[in-house]
Each structure stands twice: as structure tokens, then as C-alpha cells.
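In this note's numbering, the protein residues as written are 69 to 380.
Just so you know, even glycine gets a beta-carbon here, dropped at the ideal spot from N, CA and C.
Notes to accompany the following structure.
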Amino acid sequence: MTATIKANDQCFCGSGRKFKRCHKTSFDPIRPGTVGPLREVPDGIDLPPYVTEGEVIRRPEPAVKSPDVIERMRRTAADAAKVLALTGAAAEPGVTTDELDRICHEATVGLGAYPSPRLYGEPPFPKSICSSLNEVICHGIPDDRELRDGDILNLDVTIFREGVHGDTNRTFLIGEVDPESKRLVRVTLECLERAIETVKPGAPFNGIGSAIQSHAEAAGFGVVRAFVGHGIGEQFHTDIHIPHYYEPRLTTTMEPGMTFTIEPMITVGAYDHQVWDDGWTAVTIDRKRTAQFEHTILVTDDGAEVLTAWPD
Ligand SMILES: [Zn+2]
Numbered sequence: 069m070t071a072t073i074k075a076n077d078q079c080f081c082g083s084g085r086k087f088k089r090c091h092k093t094s095f096d097p098i099r100p101g102t103v104g105p106l107r108e109v110p111d112g113i114d115l116p117p118y119v120t121e122g123e124v125i126r127r128p129e130p131a132v133k134s135p136d137v138i139e140r141m142r143r144t145a146a147d148a149a150k151v152l153a154l155t156g157a158a159a160e161p162g163v164t165t166d167e168l169d170r171i172c173h174e175a176t177v178g179l180g181a182y183p184s185p186r187l188y189g190e191p192p193f194p195k196s197i198c199s200s201l202n203e204v205i206c207h208g209i210p211d212d213r214e215l216r217d218g219d220i221l222n223l224d225v226t227i228f229r230e231g232v233h234g235d236t237n238r239t240f241l242i243g244e245v246d247p248e249s250k251r252l253v254r255v256t257l258e259c260l261e262r263a264i265e266t267v268k269p270g271a272p273f274n275g276i277g278s279a280i281q282s283h284a285e286a287a288g289f290g291v292v293r294a295f296v297g298h299g300i301g302e303q304f305h306t307d308i309h310i311p312h313y314y315e316p317r318l319t320t321t322m323e324p325g326m327t328f329t330i331e332p333m334i335t336v337g338a339y340d341h342q343v344w345d346d347g348w349t350a351v352t353i354d355r356k357r358t359a360q361f362e363h364t365i366l367v368t369d370d371g372a373e374v375l376t377a378w379p380d
């Protein structure tokens with residue numbers, strides 16, 4: 069529930085009906101739904117090591133990528149952005165998150181890539197995209213819930229091709245969304261944009277969190293601490309950790325050729341979380357809404373290149 073609208077108030081959408089008889093259903097708590105079977109990956113698609121090995125084994129990986137790795141990451145990340153755009157274009161009231169998973173999966177394998185979330189981690193993630201609705205912070209599992217008019221939906225796409233990953237996410241407005249949620253989504257995107265502006269050689273990594281936290285808190289919102297940006301390349305997650313809040317001790321600096329994600333998760337209320345029994349779905353502790361946007365970033369000689377720039 070938003071603080072500003074009560075059950076018997078007129079709905080924000082202008083229908084003239086009471087909120088409780090109109091858009092309130094999109095504020096019902098998200099519950100676990102039925103998760104469909106794992107989607108098949110056709111022969112000929114290169115599988116990441118965690119699929120063939122059955123577990124995530126961390127390997128040493130240079131923080132500064134070779135020109136060859138960067139070229140491959142440019143291509144893979146650009147296609148991750150394409151998959152996200154076309155999956156998001158299908159997100160509308162009545163569509164299930166499992167249908168969006170199908171669209172993402174088929175687009176990904178159609179581009180000759182592997183959907184990185186599939187079978188990643190422990191327990192192995194059972195689907196090809198993360199779909200996180202309303203109070204779900206991240207790592208929501210697609211299921212048979214139909215999108216409702218008034219929802220906000222984060223879709224997080226990562227794909228693996230040419231031996232490298234590209235990772236990007238956006239929060240989409242489903243139908244007519246209340247003003248507070250729209251403001252949350254707008255401010256969260258602004259947080260990502262301001263964070264990217266801090267990226268350049270010699271800049272401290274803690275400038276990213278500083279830019280995000282100051283903008284979010286000025287708007288009255290919270291910054292999730294428990295999930296952070298990460299190094300990315302030949303592995304989905306490398307040992308670079310990028311908090312989205314100001315961490316004074318994180319004074320290490322950026323160098324040209326580094327690649328990492330920035331992915332602020334911003335909350336209307338408290339930033340603490342709980343994880344469902346599925347081992348993945350992270351929700352805000354107060355069940356208030358949260359939004360997220362993410363890019364894969366390359367540090368260039370004089371700033372940042374957004375490798376997952378959205379085509380639209
Ligand atoms: Zn309404």
C-alpha cells in the first residue's frame with residue numbers, strides 16, 4: 069500500500085471508483101506461483117561452465133579486460149539489451165511472467181546465446197530471466213502470475229555468448245501506475261544515470277554509491293545494501309563488489325578496461341529484505357515497492373561506455 073492512498077479514496081487512475089474496487093489488487097502481496105519446467109537449450113549453444121560443472125566455481129579473472137574480451141563483451145552485451153527491450157515490450161496486463169520468460173529464452177537462444185540465470189547458483193535458478201514485481205527487490209522467479217494493471221515489473225536479462233556475459237535490467241510500468249510508484253521508478257533510473265557519470269579512470273569506486281545514495285535519499289527513498297553491482301566478463305560475477313550506498317573504505321580506483329555492473333535497487337520504505345523459501349526471491353521487509361535499473365559498464369580512457377545501451 070502507498071502511504072498516500074487509502075482503500076476508500078478515489079483511485080489514482082481517474083476512474084472515479086474507490087481504490088479498493090479499482091487498482092488496489094496490484095498492491096496485493098506477491099505470492100509464490102507455479103513455476104513451469106526448465107526451458108531447453110538447443111544443441112550448438114555454448115554452455116557456461118557452471119552448467120557443465122553443476123556448480124559455480126570461481127576462477128581468477130583479470131579486472132582489466134584484454135581488447136579481445138572487450139570486443140566480445142560489446143557484442144554480447146548489446147544483444148542482452150536487445151533481448152531485454154523485446155521482452156519488456158510484451159509486458160502488459162494479463163501476461164504471465166512465465167510467458168515473458170519464454171520470450172526472453174527464445175530470443176536469447178535465437179541469437180546463439182545462453183540465458184545466464186538458467187541453472188546459475190544454489191539452488192540452481194530454474195528459469196531464464198529474473199522477473200521481480202512490486203515489493204520483490206530482485207531474483208524473482210517467473211511463474212503463472214498474470215501482470216496486473218498498476219504493477220511495476222523489473223526484468224533482469226543476462227546472456228552468455230563468445231565466452232562472456234552481458235547483464236542489464238529495467239523496471240517497466242504495467243498499465244496505469246500510481247504516482248508514487250512512477251516517481252520511484254524515475255528516481256531509480258536517475259540514480260543509475262548519475263552513478264554512470266562518476267565512472268572514469270582514477271575515480272574511486274565509492275563515488276558510485278555516493279551518487280546513488282544522495283539522490284535516492286533526497287527523494288525520500290532507501291538504498292538496498294544486501295545486493296550490489298559486480299565485476300563481469302568471462303564469469304557472470306567476479307570479485308569486484310560495488311555497493312549502491314556510500315562505503316567510505318572502498319577507495320580503490322577505476323582503470324581503463326574494467327567491466328562491471330551498476331544496478332541500484334531503490335525502495336519506497338525500508339531497504340532490508342527477506343528471501344522466500346525458494347532461495348531466490350528477495351522482498352522488502354515492509355512489502356513496500358522497490359525498483360531497479362542496471363547496465364554493464366566499461367571504463368574507457370576518459371569515462372564510461374555503456375555496453376548494454378538500450379535500443380529504445
Ligand atoms: Zn484505478
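| Query | Result |
| --- | --- |
| Name, in chain order, the residues that DSSP records as bridge partners for E190. | Answer is none; E190 lacks a bridge partner. |
| How long is the line joining the alpha carbons of G231 and D346, rounded to whole angstroms? | 29 Å |
| Starting from E373, trace the alpha helix (DSSP H) in both directions and tell me its first and last residue. | Here E373 belongs to no alpha helix (DSSP H); instead the beta strand (DSSP E) covers 372 to 374. |
| Touch check for the stretch 322 to 330 and the stretch 207 to 221: three-plus C-beta pairs under 8 Å? | no |
| With R229 as the anchor, note down where its beta strand (DSSP E) starts and where it stops. | 220 to 229 |
| Could you say which of D370, G189, Q281 lies nearest to P332 if we only look at CA atoms? | Q281 |
| Is the beta carbon of V99 within less than 7 Å of some heavy atom of ligand 1? | A small fix is needed here, since residue 99 is Arg in this sequence, not Val. No, the beta carbon of R99 sits no closer than 7 Å to any heavy atom of ligand 1. |
| On the DSSP letters alone, give me the boundaries of the beta strand (DSSP E) that C206 sits inside. | 204 to 206 |
| Taking just the CA atoms, how far does D136 sit from G122? | 28 Å |
| What residue range is occupied by the uninterrupted beta strand (DSSP E) comprising D235? | 232 to 241 |
| On a Cα-Cα basis, can you pick out the residue from D369, V351, R99, E160 that is closest to A271? | D369 |
| Just to confirm before moving on: does the CB-CB distance between H173 and S196 stay below 8 Å? | yes |
| Nearest to V225 by CA position, among K150, T102, P100, T164, is which residue? | K150 |
| Would you say the beta carbon of C79 is closer than 7 Å to some non-hydrogen atom of ligand 1? | yes |
| What are the uninterrupted segments assigned as alpha helix (DSSP H) that are 4 or more residues long and contained completely in the stretch 265 to 295, given in chain order? | 274 to 286 |
| Is the stretch 309 to 321 touching the stretch 150 to 168, taking contact as three or more C-beta pairs under 8 Å? | no |
| With DSSP collapsed to three states, give me the class of P117. | helix |
| In chain order, what residues of the same chain lie with their CB nearer than 7 Å to the CB of V245, ignoring the 5 residues before and after it? | G218, I220 |
| Go ahead and label M69 buried or exposed: buried means 16 or more other beta carbons lie within 10 angstroms of its beta carbon, across all protein chains shown. | Here the model assigns M69 a pLDDT of 41, short of 50, so the residue's position is not dependable and the matter cannot be decided. |
| Closer than 8 Å is the cut-off here; do at least three beta carbon pairs connect the stretch 260 to 268 with the stretch 176 to 196? | no |
| Go ahead and pull the three-state DSSP assignment for L366. | strand |
| Report the three-state DSSP secondary structure of S249 (helix, strand or coil). | helix |
| List the endpoints of the continuous beta strand (DSSP E) containing T327. | 327 to 330 |
| Does DSSP put W348 in a helix, a strand or coil? | coil |
| Kindly indicate which residue of V343, F361, M141 has the alpha-carbon position closest to the one of D354. | V343 |
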